[in-house]
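Numbering (my numbering), first residue to last: 7 to 498. A quick write-up on the structure given underneath.
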């Protein structure tokens, strides 16, 4: 008996030592960066306020990463983000809310002078349970039984009331024309209209200035009856046929260019950037021309092996041309939100090449290109230039984002790197300028060739100067003499 007691005491002593060692190691690990709010609040400097960015902040664990993402978005010149606020994250049990994740995103967005368009969705387990199937495991996070529409409407109204005056734009659901986004059920335009009808009145009762956006539809050519989804044009037609026009204040649109330039002609049997014009035509045909459009997802991918991707320089050119098209030709479009700024973790696949910054917060070439456009910098000299902003179309519904959190957004920006309460952000490094020039040269090859020849002459001159300054005096036989391992007789 005594022997066993000694063994137990010895084991207990080792456990205590182990706990002390773990505590000591944790004490030596540096604390994560703090995310203190900047004082005073920052202001987004932009001469193109329609530029917007889609973010993925809700999945961030560390608060400083939320802050750093929003700082980069502000420095890029985007005054608005689209962010996902999952119902399943906030109301994990009926009437039990945890707003902490949403609050910290809102707190840092306001501090950076950025407005938020909120997308609501993702069903908690308790709301996926039904009378005939009590096990939520048989459903997906996108499965919302019709008898739970009122529960979702209550959550949406509580969200609208909590952030009234801060987040006034609410997107209801996401791409309901895909079976995956509709809980792997047959897509149902009438069912989505019922959902809009259920949430519309409670949201406006909670926030009279709210703008309810119908969900962006996935660009797809799926025919009627397909188990995968339904053509977005046909789906929007069905929404209007079922009376949806009275239950949304604006329409969210998803439009991607895939492998085609933004100027490619829109066709009912083709997926390209101008497919948004076909959706707009449906709205006009149903007498809904005064309802504004928010492009909440758009862009190109530059993955080297994905069949729907383009080259990096093409991505730059196409994106900038698309942003100009939205501003100059699509007066009905209020925002052009690019997908996607950054993922919290790499996917190790083609989605990573939609991003504007990697997981280590290193901006990609497309970031600098959009920054130069949004802030009015010349692509070559990277100096500020005056922009004359074309006024957006009138006759819109209430609560639009014009002037929201823009501060002095319409004023000319200070020189790159300037201080003040504005965007900050250094101009692109030289290697990024090359990518921007490549994109421009792809449109003007003759001018690009002239500049290339001039650059070669300058490089040759610089090379001759460097050779004269080297220890070997430019003598090719004496190159490498300064390296001990390469000394030869001719070096003496």
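Even for Gly, the Cβ is constructed at its ideal location relative to N, Cα and C. None of the values given here were measured: they were computed from a predicted structure.
Secondary structure note for residue 96: its alpha helix (DSSP H) is the uninterrupted segment 93–96. With fewer than 16 other CB atoms across the displayed protein chains lying within 10 angstroms of its CB, residue 364 is exposed. Pairing residue 330 with residue 372 gives a Cβ-Cβ distance that is not under 8 Å. Cβ neighbours of residue 110 within its own chain (closer than 6 Å, five residues either side excluded): 69.
Classified as exposed, residue 11 has fewer than 16 neighbouring CB atoms from the shown chains inside 10 Å of its CB. Residue 69: member of the alpha helix (DSSP H) spanning 69–82, first to last residue. DSSP, reduced to helix, strand and coil, places residue 348 outside both helices and strands of the structure shown, so it counts as coil.
Just measuring C-alpha positions, the residue of 64, 362, 266 and 289 sitting nearest residue 247 is 289. Contact between the stretch 346–359 and the stretch 58–68 is present: three or more C-beta pairs spanning the two stretches fall below 8 Å.
Of the residues assessed, residue 192 falls on the exposed side of the cut-off, its CB having fewer than 16 other CB atoms within 10 angstroms. The beta carbon of residue 250 lies closer than 7 Å to those of 199, 202 and 220 in the same chain, with the five residues before and after it left out. Counting only residues of its own chain and dropping the five nearest sequence neighbours on each side, residue 224 has a CB closer than 8 Å to the CB of 181, 183, 184, 187, 235, 238 and 260.
Between residue 169 and residue 79, the gap from beta carbon to beta carbon reaches 8 Å or more. Residues of the same chain with a CB within less than 7 Å of the CB of residue 190, apart from the 5 flanking positions on each side, are 146 in chain order. Counting C-beta pairs with one atom in each stretch, the stretch 21–34 and the stretch 268–281 have fewer than three that are closer than 8 Å, which means they do not touch. In this structure, the straight-line span from the alpha carbon of residue 302 to that of residue 114 is close to 21 Å.
Apart from sequence neighbours up to five positions away, the residues of its chain that approach residue 358 with a beta-carbon distance below 8 Å are 309, 349, 352 and 364, ordered along the chain. Our two residues, residue 245 and residue 217, have alpha carbons roughly 18 Å apart in a direct line.
With 16 or more other Cβ atoms inside 10 Å of its own Cβ, residue 315 counts as buried. Minimum Cα-Cα distance from residue 161 among the listed residues 148, 171 and 130 corresponds to 130.
Judged by DSSP secondary structure, residue 257 falls within the beta strand (DSSP E) whose first and last residues are 256–262.
Taken in chain order, the complete beta strand (DSSP E) segments of 3 or more residues contained in the stretch 105–175 are 121–127.
Contact annotation, residue 205 with residue 158: C-beta distance approximately 7 Å; criterion of less than 8 Å satisfied. With respect to residue 151, residue 128 sits apart: the two C-beta atoms are not nearer than 8 Å. By the neighbour-count criterion, in which 16 or more other beta carbons inside 10 Å mark a residue as buried, residue 215 falls on the exposed side.
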